[in-house]
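Colleague:
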Amino acid sequence: MKIFNTMTRKKEEFVPVTPNRVKMYVCGPTVYNFFHIGNARTFIVFDTVRKYFEYRGYKVDFIQNFTDIDDKLINKANQEGTTVKELGDRYIKEYYKDADALHLERATCNPRATEYVDKIIDFVKALQDKGYAYEVDGDVYFDTSSFKQYGKLSGQNLEDRQAGASIAVDDRKKNPMDFALWKNEKPGEPSWKSPWGMGRPGWHIECSCMARDLLGDTIDIHAGAIDLIFPHHENEIAQSEARTGKTFSNYWMHAAYLNIDNQKMSKSLNNFFTAREILEKYDVEVIRLFLLSAHYRTLLNFSRE
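Per the working numbering, numbering through the sequence shown is continuous, rising by one, with the last residue being 642.
Right, dumping it as structure tokens:
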């Protein structure tokens, strides 16, 4: 079997780390709302990849995380006058309802970011001790200039990136591309005790920490939607390989976008559909067949016709 590897930009024969076993990590939802039909495409694509491996006789360790601490959750919880934990609990339940309705096989494990705070702190501390991270006013950043291969997944190097092009400029950082591993406490946010004071994890660090804890230093397949290539997966590679000195993932798979009536899906265009809304109108097998009707790396257009 061959897999198109985003890292090498070519099809490669699949050779697992452990014979007859697949260690697969797929980035899961940020649980502040129902997931949409575009997310559903990604979930169904990698559910199908997993099921094909199982059909071929492989034992698949399939990890999909829940991001349950993030700016989006904090803002939504404050708007609703509830806690981040209550909001996360609610939408994790709703995720399972919709995922089950889409016939997605349950993951081997769905770790939550908030369950991993202690291990995340240990991970960040290890990076700091090795000289890959630095602290400023209670925030801890990854020093991208210290990881010489930064940009190898997306094909972007630091010199080609302009400060502020896709990342907010912060004069406290050594380099504009440096990213937060740990964030200092702000009013109205959940926080945890750490060596740098009260705070919370950055977004990228949770996946590196969970993948290493549940699957080991080197995994077989890391997957997600195409918009995660940069900066999320790029940053995962940097922090994981800086910590272990080993290849983080041997194969990278990314699913393309889903357009709605030949336009990018967005709330402002009023063409935003949740998976639940679509499930109310069409049979699940029809939805699955449709979302698998185009190659997973090509744009697919959704229309009622």
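Note that CB positions come from ideal geometry on N, CA and C, so glycine has one too.
1) With 16 other CB atoms within 10 Å as the buried threshold, where does Q465 fall?
2) Give me whichever residues DSSP pairs with Q493 in a beta bridge.
3) Who are the Cβ neighbours of L636 in its own chain at under 7 angstroms, not counting the five residues just before and after it?
4) Between the alpha carbons of V473 and R509, how many angstroms are there, rounded?
5) Can the beta-carbon of C546 be found closer than 8 angstroms to that of F460?
6) Would you grab the beta carbon distance between D426 and T367 for me? Rounded to a whole angstrom, and I think it's under 8 angstroms.
7) Please list, in chain order, all residues of the same chain as Q499 whose beta carbon is under 6 angstroms from its beta carbon, the five residues on each side excluded.
8) Quick one: which unbroken beta strand (DSSP E) runs of 3-plus residues sit fully inside the stretch 414-489? Chain order, please.
9) Whole-angstrom Cβ separation of E573 and C544, contact assumed at under 8 angstroms?
10) Where does F403 fall in DSSP's three states?
11) Inspect the CB distances between the stretch 442-460 and the stretch 397-414 and report whether three or more fall short of 8 angstroms.
12) If I556 sits next to S491, beta carbons under 8 angstroms apart, how far is it from one beta carbon to the other, in whole angstroms?
13) Please state whether DSSP places N357 in a helix, a strand or coil.
14) Since H373 and F627 are thought to touch, with beta carbons under 8 angstroms apart, how far apart are those beta carbons, to the nearest angstrom?
15) Where does G375 land, buried or exposed, given buried means 16+ other C-beta within 10 angstroms?
16) Classify L606 as buried or exposed, calling it buried when 16 or more other Cβ atoms lie within 10 Å of its own Cβ.
17) Where does G561 fall in DSSP's three states?
18) Nearest to Y432 by alpha carbon, out of W540, G539, N357, G365?
19) If we require 3 or more residues per run, which beta strand (DSSP E) segments fall completely within the stretch 572-639?
20) So what's H569 in DSSP terms, helix, strand or just coil?
21) Since V421 contacts I429 with CB under 8 angstroms, what's their CB separation in whole angstroms?
22) Please state the DSSP three-state secondary structure of D384.
23) Label G359 either buried or exposed according to how many other C-beta atoms from any shown protein chain fall within 10 Å of its C-beta, with 16 as the threshold for buried.
24) Mind checking whether F403 and R346 have CB atoms under 8 angstroms apart?
25) Looking at L616 and A438, is the spacing between their C-beta atoms short of 8 angstroms?
26) Count the other C-beta atoms from every protein chain shown that fall within 10 angstroms of the C-beta of R393, then say buried if there are 16 or more, exposed otherwise.
27) If distances are taken between C-alpha atoms only, which option among R537, G536, S586, E571 comes closest to A548?
28) Check whether the Cβ of F585 lies closer than 7 angstroms to any heavy atom of the ligand NAP, and answer yes or no.
29) Should K520 be labelled buried (16 or more other beta-carbon atoms within 10 Å of its own) or exposed?
30) Can you give the Cα-Cα distance for R634 and E349, rounded to whole angstroms?
31) Measuring alpha carbon to alpha carbon, tell me which of L551, L424, Q416 ends up nearest F371.
Modeller: In this structure, then:
1) Buried, because 16 or more other Cβ atoms sit within 10 Å of the Cβ of Q465.
2) In the DSSP output, where bridge partners are listed per residue, Q493 has none listed.
3) Around L636, the same chain offers A593, Y594, N596 as residues with beta carbons nearer than 7 angstroms, after the five sequence neighbours per side are excluded.
4) Rounded to whole angstroms, V473 to R509 spans 7 angstroms at the Cα level.
5) Yes, Cβ-Cβ distance for C546 and F460 is below 8 angstroms.
6) At roughly 14 angstroms, the Cβ-Cβ gap does not stay under 8 angstroms, so D426 and T367 are not in contact.
7) Note on Q499: pLDDT 49, under 50, position unreliable in the model; the coordinate value appears next. Cβ within range, chain order: n/a, list empty.
8) 470-473, 476-479
9) 5 angstroms
10) strand
11) yes
12) At roughly 19 angstroms, the Cβ-Cβ gap does not stay under 8 angstroms, so I556 and S491 are not in contact.
13) It is coil, neither helix nor strand.
14) By a beta-carbon distance limit of 8 angstroms, H373 does not contact F627. Their separation comes to about 15 angstroms.
15) With 16 or more other Cβ atoms within 10 Å, it is buried.
16) exposed
17) strand
18) Nearest C-alpha to Y432 among W540, G539, N357, G365: G365.
19) 586-592, 595-597, 637-639
20) helix
21) For V421 against I429, the beta-carbon gap comes to about 12 angstroms, at or over 8 angstroms, which does not count as contact.
22) helix
23) Reading the sequence as shown, one finds Val at residue 359 and not Gly. With 16 or more other CB atoms across the displayed protein chains lying within 10 angstroms of its CB, V359 is buried.
24) no
25) yes
26) exposed
27) S586
28) You won't find the ligand NAP in this model; it holds no ligand whatsoever.
29) buried
30) 15 angstroms
31) L424
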